[in-house]
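Under UniProt numbering, the residue at position 73 of the sequence shown is numbered 73, and the numbers go up by one with no gaps. Beta carbons are placed, not taken as given, at the ideal position from N, Cα and C, and that holds for glycine.
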Amino acid sequence: MPNEKCILTTKDFTILEVMRDRCPDPDDALARLLKRKLESAVVMFRDDVPENVATLNSRVTFSVNGRDPDTRIISHDQMNAPVGLFLPITILRGLALLGLSEGQEISLINYDGAEERIRLEKVCYQPEAARREKQAVDRLAEPARGRPKLRLIRGAAQDRPQPMHAGPDGFDDPGPSAA
Numbered sequence: 001m002p003n004e005k006c007i008l009t010t011k012d013f014t015i016l017e018v019m020r021d022r023c024p025d026p027d028d029a030l031a032r033l034l035k036r037k038l039e040s041a042v043v044m045f046r047d048d049v050p051e052n053v054a055t056l057n058s059r060v061t062f063s064v065n066g067r068d069p070d071t072r073i074i075s076h077d078q079m080n081a082p083v084g085l086f087l088p089i090t091i092l093r094g095l096a097l098l099g100l101s102e103g104q105e106i107s108l109i110n111y112d113g114a115e116e117r118i119r120l121e122k123v124c125y126q127p128e129a130a131r132r133e134k135q136a137v138d139r140l141a142e143p144a145r146g147r148p149k150l151r152l153i154r155g156a157a158q159d160r161p162q163p164m165h166a167g168p169d170g171f172d173d174p175g176p177s178a179a
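Structure, rendered in structure tokens:
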């Protein structure tokens, strides 16, 4: 696909480069997909990655060839956790999902020679977005330090002139001697 692009964090990009360099067979399906990913990558700092992009350790919902969706966590390598929880990037589907945005599809030829169309339905959790959210909450929760941001100024109600009473003839001018 000529206009295929993926968004990778600097860390994810570096991991894929190392995987490509260590790949024993450059014509292997995984090696070909690694090459595609690296050539089409838009690399961003983790604070700049949109929250709808699948990054390492993201929990994603995806479908293969239009079948029922599945939810997994994209992991770096095989995990010794409950079966079906993780989808490592050392497997074609895991690598294919890495860097995709919600609604984006990618097609690949699997190890059996069959074409698979993988669609990222939703990013349910992304560690980079969760980190940004936590930092924002922490900033709001920090107590004020230093000088207060607001300063109370005595209002005009305190400085009102005192009313003067009019004399018995209704004239309230005290005359030049008052000056």
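Handout entry: For M44, the nearest candidate out of R20, C6 and D77 (CA to CA)
Key = Looking at the Cα atoms, C6 is the closest of the given residues.
Handout entry: Inter-residue spacing [alpha-carbon to alpha-carbon] between T55 and I89
Key = Their backbone Cα atoms lie some 10 Å apart in a straight line.
Practice task
Look up I118 in the DSSP assignment and give the residues it is bridged to.
Solution key: I118 has V64 and I106 as its beta-bridge partners, per DSSP.
Exercise for the section: Look at the Cβ atom of P132, then the Cβ atom of D12, and state whether they are nearer than 8 Å. Expected result: The sequence shown places Arg at residue 132, rather than the Pro named in the question. Their beta carbons are not under 8 Å apart, which means R132 does not touch D12 by this criterion.
Exercise for the section: Check whether the Cβ atoms of residue 183 and K122 lie closer than 8 Å to each other. Expected result: Not covered by the structure: residue 183. The range shown for the chain is 1 to 179.
Exercise for the section: Look up V123 in the DSSP assignment and say whether it is helix, strand or coil. Expected result: The answer is strand: DSSP assigns V123 an E or B state.
Practice task
Flag this pair as yes or no: are the beta carbons of L120 and F62 separated by less than 8 Å?
Solution key: Less than 8 Å separates the beta-carbon of L120 from that of F62.
Exercise for the section: Give the straight-line distance between the Cα atoms of A31 and E4, rounded to the nearest whole angstrom. Expected result: Going from the Cα of A31 to the Cα of E4 covers about 17 Å.
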